[in-house]
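Chemist: Protein chains in written order, with the numbering used here: chain A, 10 to 191; chain B, -16 to 87.
Note that CB positions come from ideal geometry on N, CA and C, so glycine has one too.
The structure follows.
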């Protein structure tokens, strides 16, 4: 009945869809999936996975699935945080999902402080210590830094020393005041 | 008893102080000299003195936005810390200081 009323568009779609479903998925998709899986495994340590592949990989393997989801969350929350920071230059303090804010991308376990040696944690080493601060100048919790307890303790005391000596700010807006004056 | 035993042993310390930005070089050096003297009085010895120069502070201290940083490492008997701390605390050119033990 419908074919007779409106013949041309229905015929086109009806003709095309079966061909796509039968030919393309059978030939190309398995190869793509395999590539993307291996690529995702390689990149888990360093960079975020390429977006288009995620949905395919999710369905194909359950273990990768977990990691990919994890990264997606990170991206979303970081975007949120950027917006929040812009608002902050006004007067409004937006309480966002700060728990997830500065998490580094990559696989479980290896995060911000994975390459830190305990001897180089020093109040004078400002570039290193500032990696353990969020944008407001707060010390990141161990849940976010994922370093050993011993290392975290050292980092905390050295950051506090650096703050006392005005090498690091106690809060981020203190630094803004100084910059304004110069 | 334990305190006496500890009191006899020289320890290694690290000291950083920030001098107000208007101070000239000779003033800084004479201040360093006085600190070194006090260290010497307590049978200590200055190991290194580093002048980090005039740095921008991360936040204003006593309305100063910059300061001259000086870092010294030295060995000294523990009872000398009191005198050095009092000197740095009362000296109005020193806007901030930090002294702590380096040796275990």
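Just by C-beta distance, which residues in the segment 11 to 23 of chain B are closer than 7 Å to chain A?
Modeler: Residues passing the 7 Å Cβ filter: none.
Chemist: Just the chain A side, please: which residues come within less than 7 Å of residue 44 of chain B by C-beta, in chain order?
Modeler: What you label residue 44 of chain B is simply residue 61 of the second chain in a count that begins at 1. The answer, in chain order, is 175.
Chemist: Could you tell me which residues DSSP pairs with residue 57 of chain B in its beta bridges?
Modeler: For the purposes of this step, residue 57 of chain B is identified with residue 74 of the second chain, where counting begins at 1. Residue 57 of chain B pairs with B:-4, B:29.
Chemist: Using C-beta distances below 7 Å, list every residue in its chain close to residue 129 of chain A, excluding the 5 sequence neighbours before and after it, in chain order.
Modeler: Within the first chain, the letter at position 120 stands for residue 129 of chain A. Result list for residue 129 of chain A: 137, in chain order.
Chemist: Where does residue 175 of chain A land, buried or exposed, given buried means 16+ other C-beta within 10 angstroms?
Modeler: Translated into positions along the first chain, residue 175 of chain A becomes position 166. Looking at its Cβ environment, which holds 16 or more other Cβ atoms inside 10 Å, residue 175 of chain A is buried.
Chemist: Excluding sequence positions up to five away, which residues of its chain have a Cβ less than 7 Å from the Cβ of residue 19 of chain B?
Modeler: Counting from 1 along the second chain, the entry for residue 19 of chain B is found at position 36. Hits under 7 Å: 29.
Chemist: Sorry if obvious, but does the Cβ on residue 0 of chain B come closer than 8 Å to a heavy atom of the ligand GDP?
Modeler: This structure lacks the ligand GDP, and indeed carries no ligand of any kind.
Chemist: Is residue 23 of chain B helix, strand or coil by DSSP?
Modeler: Locating residue 23 of chain B in the second chain gives position 40, counting from the first residue. It is helical.
Chemist: Let me know if residue 62 of chain A comes out buried or exposed under the rule of 16 or more other beta-carbons within 10 Å of its beta-carbon.
Modeler: The sequence position of residue 62 of chain A within the first chain is 53, counting from 1. With a pLDDT of only 42 at residue 62 of chain A, under 50, the local geometry of the prediction cannot be trusted, and no value is derived from it.
Chemist: In or out: residue 51 of chain A buried (at least 16 other Cβ within 10 Å) or exposed?
Modeler: For the purposes of this step, residue 51 of chain A is identified with residue 42 of the first chain, where counting begins at 1. Residue confidence for residue 51 of chain A is low, a pLDDT of 48 falling below 50, so the modelled location carries little weight and cannot support an answer.
Chemist: Once the 5 residues before and after residue 127 of chain A are set aside, which same chain residues still bring their CB inside 8 Å of it?
Modeler: On the first chain, position 118 is the one that residue 127 of chain A refers to. Result list for residue 127 of chain A: 159, 160, 163, in chain order.
Chemist: Quick check: is the beta carbon of residue 133 of chain A nearer than 9 Å to any beta carbon in chain B?
Modeler: Within the first chain, numbered from 1, the residue matching residue 133 of chain A stands at position 124. Closer than 9 Å: yes.
Chemist: From this set, B:43, B:60, B:3, B:82, which residue's C-alpha is nearest residue -6 of chain B's C-alpha?
Modeler: Working through the second chain from its first residue, we reach residue -6 of chain B at position 11. That would be B:60, whose Cα lies nearest to the Cα of residue -6 of chain B.
Chemist: Could you check where the beta strand (DSSP E) with residue 78 of chain B kicks off and where it finishes?
Modeler: In the second chain, residue 78 of chain B corresponds to position 95, counting from 1. Residues 77 to 84.
Chemist: Cβ of residue 54 of chain B less than 9 Å from any chain A Cβ?
Modeler: As a working note, residue 54 of chain B is residue 71 in the second chain. So, interface residue.
Chemist: The alpha helix (DSSP H) that contains residue 157 of chain A, what's its start and end?
Modeler: As a first step, residue 157 of chain A is located in the first chain; it is residue number 148 there, counting from the start. Unbroken run through residue 157 of chain A: none, as it is neither H nor E.
Chemist: Cβ closer than 9 Å: which chain B residues qualify as neighbours of residue 184 of chain A?
Modeler: On the first chain, residue 184 of chain A is found 175 positions in, with the first residue counted as 1. The answer, in chain order, is 41, 42.
Chemist: What are the residues that DSSP puts in a beta bridge with residue 52 of chain B?
Modeler: Numbered from 1 along the second chain, position 69 holds the residue referred to as residue 52 of chain B. Residue 52 of chain B pairs with B:1, B:36.
Chemist: If the cut is a Cβ gap below 9 Å, which residues of chain A does residue 77 of chain B touch?
Modeler: The count along the second chain starts at 1 and reaches residue 77 of chain B at position 94. Residues of chain A passing the Cβ test: none, with the nearest at roughly 12 Å.
Chemist: Give the interface partners of residue 152 of chain A over in chain B, defined as CB-CB distance under 8 Å, in chain order.
Modeler: Residue mapping note: residue 152 of chain A aligns to position 143 of the first chain, counting from 1. Under the 8 Å cutoff, chain B gives no residues; its nearest Cβ is about 26 Å from residue 152 of chain A.
Chemist: Would you mind stating whether residue 41 of chain B and residue 187 of chain A have Cβ atoms separated by less than 9 Å?
Modeler: Position 58 of the second chain, counting from 1, holds the residue named residue 41 of chain B. Position 178 of the first chain, counting from 1, holds the residue named residue 187 of chain A. In contact: residue 41 of chain B and residue 187 of chain A (Cβ atoms closer than 9 Å).
Chemist: Taking the alpha-carbon positions, what's the residue 39 of chain B to residue 47 of chain B distance?
Modeler: The residue you call residue 39 of chain B lines up with position 56 of the second chain. The residue you call residue 47 of chain B lines up with position 64 of the second chain. One C-alpha to the other measures close to 9 Å.
Chemist: Which residue or residues does DSSP assign as beta-bridge partners of residue 47 of chain B?
Modeler: Numbered from 1 along the second chain, position 64 holds the residue referred to as residue 47 of chain B. BP columns for residue 47 of chain B point to B:44.
Chemist: Does any residue of chain A have a CB that is nearer than 9 Å to the CB of residue 1 of chain B?
Modeler: Position 18 of the second chain, counted from the first residue, corresponds to residue 1 of chain B. With 9 Å as the cut-off, residue 1 of chain B counts as an interface residue toward chain A.
Chemist: Alpha helix (DSSP H) containing residue 71 of chain B: first to last residue?
Modeler: Sequence index remark: in the second chain, residue 71 of chain B carries index 88 (1-based). Run containing residue 71 of chain B: 63 to 73, per the alpha helix (DSSP H) assignment.
Chemist: With a 10 Å radius around its C-beta and 16 neighbouring C-beta atoms as the bar for buried, classify residue 153 of chain A as buried or exposed.
Modeler: The residue you call residue 153 of chain A lines up with position 144 of the first chain. Its Cβ being crowded by 16 or more others within 10 Å, residue 153 of chain A is buried.
Chemist: Going by DSSP in three states, residue 13 of chain A sits in which element: helix, strand or coil?
Modeler: The residue you call residue 13 of chain A lines up with position 4 of the first chain. Only weak support exists for where residue 13 of chain A lies, its pLDDT of 47 falling under 50; the value from the coordinates is given anyway. In this structure, residue 13 of chain A counts as helix in the three-state DSSP scheme.
Chemist: Since residue 125 of chain A is in the alpha helix (DSSP H), which residue starts that stretch and which ends it?
Modeler: For the purposes of this step, residue 125 of chain A is taken as residue 116 along the first chain, with counting starting at 1. Here residue 125 of chain A belongs to no alpha helix (DSSP H), and DSSP marks it neither H nor E.
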